[in-house]
Amino acid sequence: MIVSEVGYPTRTFQIVDSVPQGYEIWSIGKHMPEGYLPLCKIKAQQPSLGGREIEIDTLKAIKINGAEKILEATARGQSTIKKMETYIKRYKNAKPGTRSHAQVRRIEAVLPIMRQIKWQKEEN
Numbered sequence: 045m046i047v048s049e050v051g052y053p054t055r056t057f058q059i060v061d062s063v064p065q066g067y068e069i070w071s072i073g074k075h076m077p078e079g080y081l082p083l084c085k086i087k088a089q090q091p092s093l094g095g096r097e098i099e100i101d102t103l104k105a106i107k108i109n110g111a112e113k114i115l116e117a118t119a120r121g122q123s124t125i126k127k128m129e130t131y132i133k134r135y136k137n138a139k140p141g142t143r144s145h146a147q148v149r150r151i152e153a154v155l156p157i158m159r160q161i162k163w164q165k166e167e168n
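Numbering (the working numbering), first residue to last: 45 to 168.
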């Protein structure tokens, strides 16, 4: 699949049936065709401490109902089930009206969808 949007670089995604080992959800917002979840692999060498560059030539996508909701929930870096569960544990008592409380609710709503995805290995 080739995704091209005015003002953004064109990206090529290989369509897969499961998330390959070493991949996570690439939180790129609404820049994917409906129903497709973008997947990326983080580069082993980062340009700076805390860097998050990805391997652009290895992008993949998986078709799943609810992809748009998952992308919303991964917007704050919760790109795997384990990261989502960790976030919920950390912020489960966040006060209503806060960003953390809203994010916990988004994650809770998509976890059942996330669990439908086949992951080729235990996530990080």
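Quick reminder that beta carbons are idealized off the backbone N, C-alpha and C, glycines included.
Among residues of its own chain, excluding the 5 on either side of residue i, which ones have a beta-carbon nearer than 8 Å to its beta-carbon?
i, result
"V60", "L83, K104, A105 and I106"
"E152", "I132"
"G121", "S71 and K127"
"Q90", "R96 and E97"
Please confirm whether residue i and residue j have their CB atoms less than 8 Å apart.
i, j, result
"L81", "I114", "yes"
"I108", "Q164", "no"
"V63", "K139", "no"
"R171", "E116", "Residue 171 is absent from the structure shown; the chain starts at 45 and stops at 168."
"I198", "T130", "It is not possible to answer for residue 198, since the shown part of the chain is limited to 45 through 168."
Specify the secondary structure class of residue i as computed by DSSP and reduced to three states.
i, result
"R55", "strand"
"P156", "helix"
"K165", "coil"
"A105", "strand"
"K85", "strand"
"V47", "strand"
"I69", "strand"
Short of 7 Å in beta carbon distance, which residues of its chain neighbour residue i, apart from the five on each side in sequence? Order them along the chain.
i, result
"G110", "V154 and I157"
"K85", "G66, Y67, I98, E99 and T102"
"K136", "V148"
"N168", "Note that N168 has pLDDT 47, beneath the 50 cutoff, so the model's placement of it is unreliable and the number below is only indicative. These residues qualify, in order along the chain: T124 and K126."
The alpha helix (DSSP H) that contains residue i, what's its start and end?
i, result
"A111", "A111 to A117"
"M128", "I125 to Y135"
Does the beta-carbon of residue i, which I'm using as the reference point, lie nearer than 7 Å to any heavy atom of the ligand FMN?
i, result
"I108", "Among the components of this structure there are no ligands whatsoever, and the ligand FMN is therefore not found."
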